[in-house]
Structure formats: structure tokens, C-alpha cells
Amino acid sequence: MRSGRMTAGVLLLIGLCLLAAPGGAGANESGDTMFDDEQAFDIPAAAGVAGSATNDVGITSTKETLIRSNPFVVTVTGGPNTEYYLYVRDAAVAAKKYPYIKTGQPSVTIADAAFAGAPDPAADTLANSERAKAGGAYVPGTAAVLTTDAEGARYVEFGTTANTTPSTYFITVVDPADASNFGDLRVTVRVGDVTITAEGAGTYYMGDRIKLSGTNTDSNDVYLFMTGPNLGDGAGVELDDLSAWASAGNYVRRPVESDDTWEYGWDTAFLSRGYCVLDAGTYTVYACSNRVDDQGNNVDKYHLSGVRYQTFSLVFKPPTISLDGIEAVVAKGDRLTISGTATGNPDQVRIWIIGTRYRLLGVTAFAEEDGTFSYTLGRLDTRHLSSGQYYVVVQHPMCEHVFNVFAFAPGSTSDFRIANTWSSETVDLGSMAASDAVTALVDMIESPHCDDICRKFTFSVEEAWIAFDPVANHTVGETFTVAGSTNLAAGDILVYDVFCASFNPTVPGDEPGYGASGTTTVRTGTGTNEWSFEVNTTIFSAEPYRITVESVEADVSKAATLYLDGESYTPPDPPVGPTGGNYGIEYIFIDPETDRIVAGESVCLRGGFSLKDDGDSTFPAGDRLEWRTDLENPCWRYTIEVGDVSAGSRTVYARNLTIDGFDLSYNADLDVRIRLSLSGNASLTSAALNQTLLAVRQVDGDGACVNGSEYLLRFTPSGAPSTTIALSPGWNFVSTPKTLAAGKDTAAIFAGVDTAGHSVLRYDTPTGTWVALKPTDRIRPLEGYWIYAAAATEITLFSSTASPQAPPERALAAGWNAVGFSDTEPAAARDALVSLGGTWSVVMGFDAAAQTYETSIIRGGSGEHSDAGWLLPAKGYWLYMTEDGTLAAIGA
Numbered sequence: 029m030r031s032g033r034m035t036a037g038v039l040l041l042i043g044l045c046l047l048a049a050p051g052g053a054g055a056n057e058s059g060d061t062m063f064d065d066e067q068a069f070d071i072p073a074a075a076g077v078a079g080s081a082t083n084d085v086g087i088t089s090t091k092e093t094l095i096r097s098n099p100f101v102v103t104v105t106g107g108p109n110t111e112y113y114l115y116v117r118d119a120a121v122a123a124k125k126y127p128y129i130k131t132g133q134p135s136v137t138i139a140d141a142a143f144a145g146a147p148d149p150a151a152d153t154l155a156n157s158e159r160a161k162a163g164g165a166y167v168p169g170t171a172a173v174l175t176t177d178a179e180g181a182r183y184v185e186f187g188t189t190a191n192t193t194p195s196t197y198f199i200t201v202v203d204p205a206d207a208s209n210f211g212d213l214r215v216t217v218r219v220g221d222v223t224i225t226a227e228g229a230g231t232y233y234m235g236d237r238i239k240l241s242g243t244n245t246d247s248n249d250v251y252l253f254m255t256g257p258n259l260g261d262g263a264g265v266e267l268d269d270l271s272a273w274a275s276a277g278n279y280v281r282r283p284v285e286s287d288d289t290w291e292y293g294w295d296t297a298f299l300s301r302g303y304c305v306l307d308a309g310t311y312t313v314y315a316c317s318n319r320v321d322d323q324g325n326n327v328d329k330y331h332l333s334g335v336r337y338q339t340f341s342l343v344f345k346p347p348t349i350s351l352d353g354i355e356a357v358v359a360k361g362d363r364l365t366i367s368g369t370a371t372g373n374p375d376q377v378r379i380w381i382i383g384t385r386y387r388l389l390g391v392t393a394f395a396e397e398d399g400t401f402s403y404t405l406g407r408l409d410t411r412h413l414s415s416g417q418y419y420v421v422v423q424h425p426m427c428e429h430v431f432n433v434f435a436f437a438p439g440s441t442s443d444f445r446i447a448n449t450w451s452s453e454t455v456d457l458g459s460m461a462a463s464d465a466v467t468a469l470v471d472m473i474e475s476p477h478c479d480d481i482c483r484k485f486t487f488s489v490e491e492a493w494i495a496f497d498p499v500a501n502h503t504v505g506e507t508f509t510v511a512g513s514t515n516l517a518a519g520d521i522l523v524y525d526v527f528c529a530s531f532n533p534t535v536p537g538d539e540p541g542y543g544a545s546g547t548t549t550v551r552t553g554t555g556t557n558e559w560s561f562e563v564n565t566t567i568f569s570a571e572p573y574r575i576t577v578e579s580v581e582a583d584v585s586k587a588a589t590l591y592l593d594g595e596s597y598t599p600p601d602p603p604v605g606p607t608g609g610n611y612g613i614e615y616i617f618i619d620p621e622t623d624r625i626v627a628g629e630s631v632c633l634r635g636g637f638s639l640k641d642d643g644d645s646t647f648p649a650g651d652r653l654e655w656r657t658d659l660e661n662p663c664w665r666y667t668i669e670v671g672d673v674s675a676g677s678r679t680v681y682a683r684n685l686t687i688d689g690f691d692l693s694y695n696a697d698l699d700v701r702i703r704l705s706l707s708g709n710a711s712l713t714s715a716a717l718n719q720t721l722l723a724v725r726q727v728d729g730d731g732a733c734v735n736g737s738e739y740l741l742r743f744t745p746s747g748a749p750s751t752t753i754a755l756s757p758g759w760n761f762v763s764t765p766k767t768l769a770a771g772k773d774t775a776a777i778f779a780g781v782d783t784a785g786h787s788v789l790r791y792d793t794p795t796g797t798w799v800a801l802k803p804t805d806r807i808r809p810l811e812g813y814w815i816y817a818a819a820a821t822e823i824t825l826f827s828s829t830a831s832p833q834a835p836p837e838r839a840l841a842a843g844w845n846a847v848g849f850s851d852t853e854p855a856a857a858r859d860a861l862v863s864l865g866g867t868w869s870v871v872m873g874f875d876a877a878a879q880t881y882e883t884s885i886i887r888g889g890s891g892e893h894s895d896a897g898w899l900l901p902a903k904g905y906w907l908y909m910t911e912d913g914t915l916a917a918i919g920a
């Protein structure tokens, strides 16, 4: 480091700095200067010398050491509005490998020619003798004439590239008016590093999409090429074009981000879409900081000198296709699902099914991101198949994603021709026997001209059947298992009924034990599939019973007889039914009884309902009966009996059941009854401890509930959890149905919810603003809260048991209010909001599962907007008030 006119004060200052910082500021044990931040405008660090007098020239730099491809800034100080020479001193490197002064900077003029005309000619001589030269000429961009500002300073930015030679460079400033007034500094340029890695284990299928990523601190771009067996000239090829050689300057170029990282999504399917085809084997991917080496050669496997690079080895395997376990025997009317996994990232596979008088040729089964695919022949399809053997071929398009064998008309029922991409040959599979047709197809796919692959299997179609294991005699009160076998697929649902063999309609009070009904699932067995269910005969009679097991979808059933002895069950008095409407309750049997229901266990209800005279008919044709349950996985099965004759049975799998008045309206002189069975499981996750087993109501043609027609049967299962709020992924509109216990009544109850950074919100109607809750804020009944959940979550609520306590109430303002429902049992909107009188007009809930608003309920409305619509526990609602009012809780 040199300077002219260095004063004693400057020497003393430098000495003190050296004493205060042993080893030099920012130096490691080896003396190398290190900085965490490589950006240009860091806090300046003294790196040069400044004079002590007003016009003495000085120079400092933001960095003493940097990685090439990064800029740095020098500060020249001296006299105000004064001209100075600035240059990089000769370092004996090639012309384009020096740090350079960036163009376009204010009051900085690049001087590629010799300095001349200085007031002190010695200054020209000094600068021209020291400045960077190559081949006897001055190196462009390494010298400039600058003018300081009114404060006597000027900032000058230098650049470096990936070609800058790693070295220590001296940068000098000279006063043209006084050659002895100069200063200089040194800047060390170092090479950076390049890294590469790939997502996955290093072994891939041709056609996969591979994420390459890494870091580069040496340049602003990364250049990628690959070497491997039979590729180009052996020096490397471009990743996306096997015919583009690296030695000719062909690479995939990826920019380096501001955090020094880079990445590239490599779709290897493109590698097989030209005349060059990738072979299975081991390959090496190069990630380089430059596209040329220090001799100017294009970078390839043999030309890497002066280039920072790293390699990653990977293994390519040919794509494969595998099939899941598929039923060897398919019953008519049952589903057949063909599924498996295709590697190599194809977007689809083709399915071919050939059998006696049946051809399904080249239909598409789309593949998921993980390569899995599935294709299903529906029940109607298999119901019309002939019994016998069928052949299945699943075709994979391989790397180029092109099916080289294809059907002229995929899925056609009349055109059975197939063709290929390498010839004009066509084959009509329709005129051949099934075995010959599949052989012709497979031969074409496995031709040497075709790179597609396939997998094959066969299955047989049989008439559907259900069989019983022997049914032994039993005594009333026993619980036993009825079992059997079937050729229906595992997972199919069977419906069973157990009823008195002598069953006939009776008058209320004389009902015998109706029996049992429900569903059972076919499971995989040994040899054939199996089914079973338990029968509890506690409420049965000592007489023969008929057992039927049926697959509604496969249209097959089987019956057996059960003989019971012992003492018949004596039924209780019929329950008190509705006071209004056109139906009555004859009997309801529940197994187990309501006080013995266990959360998560199965429940079965059987009931008889009679229709009351409505003048000329048994039921108003324009009305309907609506049924609802809280049971999980419910199955409704009902029969409408007209006199001694059944008018048909139906099975419904849903929580709601509707029977239209048209089905119930007969001449008033006929006896019409509904025989109903309901089975399901008591909920483990209900937001209310008091669950609905059965709710029935009659709804008129305007959608309004007929007065007095509602019947509600509830139960509290043992083992049920505390009251909970069930959150769905996304936004949820919730409330607490009761006053919460002290210490568990703040927003801290939501602490376990992953809200993805969203606040828990309430809406303040008077100000029209959203309020974010703090953990200490109280959670109150009648208040609606919005909360975001990243995943399905349950929040346990603990209600206050303090006594006495007044029921909650809340003042509401005109406009939209976010309110909560104040009971653990559903209630009609008009009942829940009765305290508001005529001050409310609309209430609207939010379906968290669908992330959309529900149909609004309108005061005095009809149809879907009827105010008989239910409000549900733990939900929040938007309530529009036409004027201020007070909402009172309907539960304490």
C-alpha cells in the first residue's frame, strides 16, 4: 500500500488500528479476510489511505476481499470539484480478466487511451507506466478520469465477472496536478464454488421429472451438461437435447438467484423425442460456473480449467408398469377395478379388455403424479358381460409418451381395428376369437419397432351369488353371528333383514319384535369372499324368522330361516308421537336401548309409522316426510305397505331421508304404513353430547314445517367426548353453545390450531371492522368467530358448571352481525331467534367443508329459505338486523 504526503497523524492512526485489532479486522487464523455479506454496498471498511490535508487524495473500498462476479465500490476523497486519475495497476493477466470500472457513472469518464495533458506531466508518466496492459496495449475499462463533488468525494463502482482472474489487484488514484499526491488500495478477488444435487435417491426412471438444484457463488449463471454411455462425442451433451454437444457450446443455462441458489426441473421425457435415445445406465451431470474455460474453449468434460464446477451421478432405468392385486373372479353386476403403477412419469396408460363377444380397446386411464392409475368397469358394464374368461392388457407409452400401438376408435362398440406408428398395417380384432385377438395385440406391442411395454392378466365372469353358512337354532335373548360367502368383491355392501316369517300388519300395541336390519361389508376370505353380521334377539318372538341378505347394486339375494324358542319379548307401550301432521308412530325399537349406546358402536332402530286420514287421501300429495339422524355411516331401509301388500322398498345411505307425499297418498279407506329400519354408528366426534337418533317432520308444499308434526328422539352415548368444535381445512365460522368454564374461556382454547399465520377474528358491527383476538380475550356464547385451520382439527370445550347463572344475552346492532347458536341441540331458526321478534330478516351459515356459504334462511320465508331451517350447535352465523335488538340464548 502506497501513498503520497502521509502525515504523522495518519501513521499514528493506522498504528493504533493495528494494535487494537490483532491479525487485522475481519481476518481468520490464516490471515484471510472474511465477510458474511458479499453485496456491493456494505458498511465501508478502511482499505486504503486518505490524506490528512484538505486536498490530499485518498481511496477506500467497501471490500478488501470478494468472490468474483460481485461488484465493489471505491471512494476517492480529495479536493472539492477536483479531477483525478483512477486506474487498476498492471497484474500481468489477460485483457478481459481484470476488474473493470462500470460505465455510465456520474463524473467518471472511462480512459482507454493514455493519460495526457496533466498539469504535472509526472502524473501522466506515473499513471501510464503503472496501469493495466495486455499485449502492449492498455486494458479497456481499467482506467478513468473522475471529478469529486463539492464535498471532495466520488464513489466509483467496479465489476468482476466469472472470467476475472483470481488475484490481488491494486487500484491507484493520482492527482494530475501533483504526481506526489496519490493513494492506492488492494482488493483480492477469489473464486467461488458451485454445487449440485438432485431430488431423490439418485436412481430414476427414464421419463421422470427430476429437480436439480444447488448453489453458485462464482458467477451469475450455471451451465449444465451431461455425459454417459453412447452420448455425442463423449465430452457431453445438453440435458434437453441429446444431439446438442457441449463441445459446440450447447448447455442448459440457469440463472443464479440473489441468495446464490439455482434450480432446474428436468423433464427426462424429452430425451426420447428425437433420433437420439437415452440408454439405461449411469450418467454424470456437470454444473459449471462458466461456458468457456480459461483458454476460451467451450466447457465440456475435457475443458474445465479455470472453471468452478461440480458433478452429480445418477442412474437411469427404463420405465416399468406393475399391477395391483385384481380380482380373478368377477360377479356379474360387480365392479372390476384395474389399477397399478407406471413409472417414468407418463400422463396415462391404455386399457384393453378382450373376451367372448366383448372388445374394449385402448381406453385411457390417467396416471397421477406418483404414477398410480385406475380404471373401473362399472356394475352395469359387468352385468351384461357373458360368463367366461376375459383378457386384460395394460399398455405403457414409455419415455416419449407416445403410444406406438393404438385403436382406431378407442372404446368403440363396432370398430375394432388397431394400427401402429411405424407401418400402414391394420388388424381387425373383432373378427378373431378372443385368445387370437389378444395374441395379435400383444405381438404388435412387443414388436422390435415398438418401445411400448405392457402387462397382461385374465379374469373370469360368473353369475353373482350369495350363500349362507348353516344357521343353527337359538333362544330368544341370545346374540349370535350369521355368516356366509359370496363371489362379490371385497368392500361391497350387503343389506340384511331379519323379520318374523309370519309377519303381517297389526294394530298398534300388538307389534311383535320386528327383527333386525342393517348392512355388512364383504371381506376377503380363503377361496371365496366372506360376510357376517351379529343378531341380537332380545326383542324377538319365539317363532321362525326369515333372514335375507342382498346386494342391491349387483341385484342378487339369498334367504335362510332362523328358528327361535324361549319366551317372546313383550314390547313397551308405543311412544308418544307428534300432535300434528298426518302420520303417527306405532312402535320404535332401538338396539341397544338409548341408555346403553356407546360412542362409536353400532345402533339399530326399527319403527312403524301409520298415516292419518287427510280427507280424501291418507297423506297430502304435495307434502313430504323428512327424516334425519346424527349416526355415522347411516343406512335407511323402508317399505311402504298398502293394506297387506308392499308398495316397494328403498335403501338410502345418507343422514337425511325424504319420502315424497306422492308415494304416501292413497284413498283414505286404505291402511298405509311405513316400516322403517335405520342402522349406523354413534358419533365419536359430535359437537353436541345430546345426539339425534331420529328426527321426523312433515313439510308442506311451501317448505314450511307442519305445526306439531316434529318428532325428535335423542341420546347421549357413553364414552362420548366433551363438547367439541370440529374444524375443517380452510376458514371456519364457529361459536360456543354454552358459557365456558373459568380458565378455559379465552381465545387460548385455539392455541393448538395451525392457523397458517391467520388471526382468529370477530366482527364488530357498530364500527364495521374486524377485530383480531388476543389469547387473553374472552370467548362468549352468542358470538360468532372466524378461524382458519391448515388441517382438520377438533377443539374441546369445557362448559361452566357454576350455579346459579343467568342465560346469556347479547345486544345486536342494525346490519350484519356475526352471532353464535346457543344450545347443544339443533333448533329451527325461528325458535332460536324468537327473542328478536321482527327485528331480524336473514340468517346465513357457512359450510366449512365446501368453503362456501349455505342457503340463507329468511324470516317468514318458504321453500329452501324457510325459517324452519335448523341452526346447529358450535356454528357461527351471519344475522341481518333491520334495527337494534337483544338476542337471548335458548339454552342455559
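Under our numbering, the residues of the sequence shown are numbered 29 to 920, in order. By construction, the Cβ of each residue, glycine as well, lies at the ideal position given by its N, Cα and C atoms.
Sheet register partners of residue i (DSSP bridge)
i	result
Q338	A315
T93	T216
H502	L592
E291	S241
E837	A916
I575	V526, A588
W664	V680, L706
R725	E654
Three-state class that DSSP yields for residue i in the structure shown
i	result
P901	coil
A205	coil
D642	strand
T449	coil
A444	One detail in the question is off: residue 444 reads as Phe in this sequence, not Ala. It is coil, neither helix nor strand.
G671	coil
L457	helix
A800	strand
D221	coil
R808	coil
T552	coil
R701	strand
D619	strand
T310	strand
F778	helix
F637	strand
P536	Note that P536 scores a pLDDT of 34, beneath 50, so its modelled location is shaky and nothing firm can be said.
Within 8 Å, strictly: CB atoms of residue i and residue j
i	j	result
E291	L240	yes
A846	L755	no
P606	S513	no
R117	F198	yes
K838	L907	Before going further, note that residue 838 is Arg rather than Lys in the sequence given. No, Cβ-Cβ distance for R838 and L907 is not below 8 Å.
L457	R387	yes
Span of the alpha helix (DSSP H) around residue i
i	result
G689	689 to 692
S157	149 to 158
T566	Where T566 is concerned, there is no enclosing alpha helix (DSSP H), given that its DSSP letter is neither H nor E.
L388	Segment 386 to 394 is the beta strand (DSSP E) holding L388; no alpha helix (DSSP H) there.
L405	Note, L405: premise wrong, no alpha helix (DSSP H); beta strand (DSSP E) at 400 to 405.
Opening and closing residue of the beta strand (DSSP E) in which residue i lies
i	result
W273	269 to 273
V420	416 to 424
A263	Per DSSP, A263 belongs to no beta strand (DSSP E) and is neither H nor E.
R378	376 to 383
C-beta neighbour in chain D for residue i, strict 8 Å
i	result
A544	You won't find chain D in this structure, because it holds only one protein chain.
3-residue-minimum beta strand (DSSP E) runs that sit fully inside the region 460 to 491, ordered along the chain: Whole beta strand (DSSP E) segments, 3+ residues: 481 to 490.
Hey, which unbroken runs of the alpha helix (DSSP H) at 4 residues or more fall wholly within the region 844 to 904? Qualifying alpha helix (DSSP H) stretches, in chain order: 857 to 860.
With a floor of 3 residues, list each beta strand (DSSP E) that falls wholly inside the region 736 to 776, ordered by position along the chain. Restricting attention to beta strand (DSSP E) runs no shorter than 3 residues, the region 736 to 776 encloses them at 739 to 743, 752 to 755, 758 to 762, ordered along the chain.
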